[in-house]
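A short worksheet on the structure shown next.
Protein chains: 2
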Amino acid sequence: MHLDDTDLKLLALIQSDDSISVDLMAKRVGLSKTPCWRRLQKLEKAGYIKRHVALLDADKLELGVSVFVQIKTNRHDASWASEFANIIAEFPEIVEFYRMAGEYDYLMRVLVKDIPAYDHFYKRLISATALTDVTSNFAMEQIKYTTELPLPLNK
Amino acid sequence: MHLDDTDLKLLALIQSDDSISVDLMAKRVGLSKTPCWRRLQKLEKAGYIKRHVALLDADKLELGVSVFVQIKTNRHDASWASEFANIIAEFPEIVEFYRMAGEYDYLMRVLVKDIPAYDHFYKRLISATALTDVTSNFAMEQIKYTTELPLPLNK
DNA sequence: GTTGAAAAGGCCGAACC
DNA sequence: GGTTCGGCCTTTTCAAC
Numbered sequence: 001m002h003l004d005d006t007d008l009k010l011l012a013l014i015q016s017d018d019s020i021s022v023d024l025m026a027k028r029v030g031l032s033k034t035p036c037w038r039r040l041q042k043l044e045k046a047g048y049i050k051r052h053v054a055l056l057d058a059d060k061l062e063l064g065v066s067v068f069v070q071i072k073t074n075r076h077d078a079s080w081a082s083e084f085a086n087i088i089a090e091f092p093e094i095v096e097f098y099r100m101a102g103e104y105d106y107l108m109r110v111l112v113k114d115i116p117a118y119d120h121f122y123k124r125l126i127s128a129t130a131l132t133d134v135t136s137n138f139a140m141e142q143i144k145y146t147t148e149l150p151l152p153l154n155k
Numbered sequence: 001m002h003l004d005d006t007d008l009k010l011l012a013l014i015q016s017d018d019s020i021s022v023d024l025m026a027k028r029v030g031l032s033k034t035p036c037w038r039r040l041q042k043l044e045k046a047g048y049i050k051r052h053v054a055l056l057d058a059d060k061l062e063l064g065v066s067v068f069v070q071i072k073t074n075r076h077d078a079s080w081a082s083e084f085a086n087i088i089a090e091f092p093e094i095v096e097f098y099r100m101a102g103e104y105d106y107l108m109r110v111l112v113k114d115i116p117a118y119d120h121f122y123k124r125l126i127s128a129t130a131l132t133d134v135t136s137n138f139a140m141e142q143i144k145y146t147t148e149l150p151l152p153l154n155k
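First to last, the protein sequences are chains A and B.
Residue numbers in the first sequence follow UniProt numbering, run continuously in steps of one, and reach 155 at the last position.
Residue numbers in the second sequence follow UniProt numbering, run continuously in steps of one, and reach 155 at the last position.
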């Protein structure tokens, strides 16, 4: 499926603000209501739009501490990897999880209230998985965070 | 402001799926329509809900490669830090940016299409900032990614 | 907290150019 | 791609309990 410039504009718009009406979106991208709505349906069905969510204020909810955890392992078989992925899915504190190239095998971002909360998480994690090499790096400040993908627009 | 259990349930609900009607949300959290709507307004105004967005499919849009960039600097004054933050805000490829404790001063996640695209980004970044020590770590696979905060619910 | 209802506006699709 | 026109659903507010 091919996306034209208007499709990309629409995607850029809704990934930035999904609370406006179809009518307003239409005006912003230079369409009228019906064709705009048809494009949104098409993009939704084609899977370009994964979900509609509300983003909450982590600081207000006392979840302002991000910890980046680097992990090395000596297990590299597929069955262990999928079992590991299942365990990670069960921890809501793990908000991101990547298989890495380079020195460390995995990298995760863990969201917690404070250092004691991280310690509590850490103990539960290592007892659930038996990992060899785990290095924790604390973020002091989140300076930027966005869910907006860098779409090829402003060229 | 104090949040009760119903507030937390509502927040958990809308950060997972913001496309359902107020009526349905009300049923899910055990309220009727009107008080549910009032709570949502209250949470919005109090700033617990930051924004409503659509999450797009990064793979489909050819932005499937995450690169974690660790940065060291010898500048530690406030004016340089704020100038640096402004530059980072201008790069849409930088989707996350943290000031870190430990060996490296900053960590960023950069979203690009492929390695050449990262190289292009990298050149623009260092020409815009003049950084001393920059280490790039490539993610081979994104195993988990969620915008949902780990709210204290399922206790 | 509840129900019920009414006004306003958005959604959705058909039918047309 | 554009318009217009409905019926329907949701949102939002209000009264009454």
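Glycine is no exception: its CB is placed at the ideal position from the N, C-alpha and C atoms.
Which ranges does the alpha helix (DSSP H) cover as unbroken runs of at least 4 residues, wholly within the stretch 5-35 of chain A, from first to last along the chain?
5-16, 22-29
Hey, residue 70 (chain B) and residue 98 (chain A): beta-carbon distance below 9 Å or not?
no
Three-state secondary structure assigned by DSSP to residue 3 (chain A):
The DSSP-derived three-state label of residue 3 (chain A) is coil.
Can you give me, in chain order, the residues of the stretch 47-77 of chain A that have a beta carbon less than 7 Å from any beta carbon in chain B?
47, 48, 49, 50, 51, 52, 53, 54, 55, 56, 57, 58, 60, 61, 63, 66, 68
State the Cα-Cα distance for the pair residue 5 (chain A) and residue 94 (chain B), rounded to the nearest angstrom.
23 Å
When we look at the beta-carbon of residue 41 (chain B) and count the other beta-carbons within 10 Å, is it buried (16 or more) or exposed?
exposed
Residues of its chain near residue 134 (chain B), where Cβ-Cβ distance is below 6 Å and the 5 sequence neighbours each way are ignored:
71
Rounded distance between the beta-carbons of residue 139 (chain B) and residue 67 (chain B), thought under 8 Å
7 Å
Report back the beta-carbon spacing between residue 156 (chain A) and residue 43 (chain A) to the nearest angstrom; my notes put them in contact at under 8 Å.
The question about residue 156 (chain A) has no answer, for chain A in this structure spans 1 to 155.
Quick one: using the 10 Å Cβ neighbour count with 16 as the cut-off for buried, is residue 90 (chain B) buried or exposed?
exposed
Hey, is residue 16 (chain B)'s beta-carbon within less than 9 Å of any beta-carbon in chain A?
yes
By the criterion of Cβ-Cβ separation under 7 Å, what are the contact partners of residue 19 (chain B) in chain A?
52
Taking contact to mean at least 3 C-beta pairs separated by less than 8 Å, is the stretch 45-52 of chain B in contact with the stretch 74-88 of chain A?
no
Please go through the stretch 87-131 of chain B and give each complete alpha helix (DSSP H) segment of 4 or more residues, from N-terminal end onward.
115-129
Could you tell me whether any Cβ in chain B is nearer than 9 Å to the Cβ of residue 41 (chain A)?
no
Short CB-CB distance (under 9 Å) between residue 26 (chain A) and chain B:
Not an interface residue.
Would you call residue 7 (chain B) buried or exposed, if buried means 16 or more other Cβ atoms sit within 10 Å of its Cβ?
buried
How would you label residue 130 (chain B), buried or exposed, when you count the other beta carbons within 10 angstroms and need 16 or more for buried?
exposed
Could you give the DSSP three-state label for residue 75 (chain B): helix, strand or coil?
coil
Counting only beta-carbon atoms, is residue 92 (chain A) nearer than 9 Å to chain B?
yes
So for residue 139 (chain A), helix, strand or coil by DSSP?
strand
Along chain A, which residues have their Cβ under 9 Å away from the Cβ of residue 122 (chain B)?
Ordered by position in chain A, no residue passes the 9 Å Cβ test against residue 122 (chain B), which lies about 14 Å from the chain.
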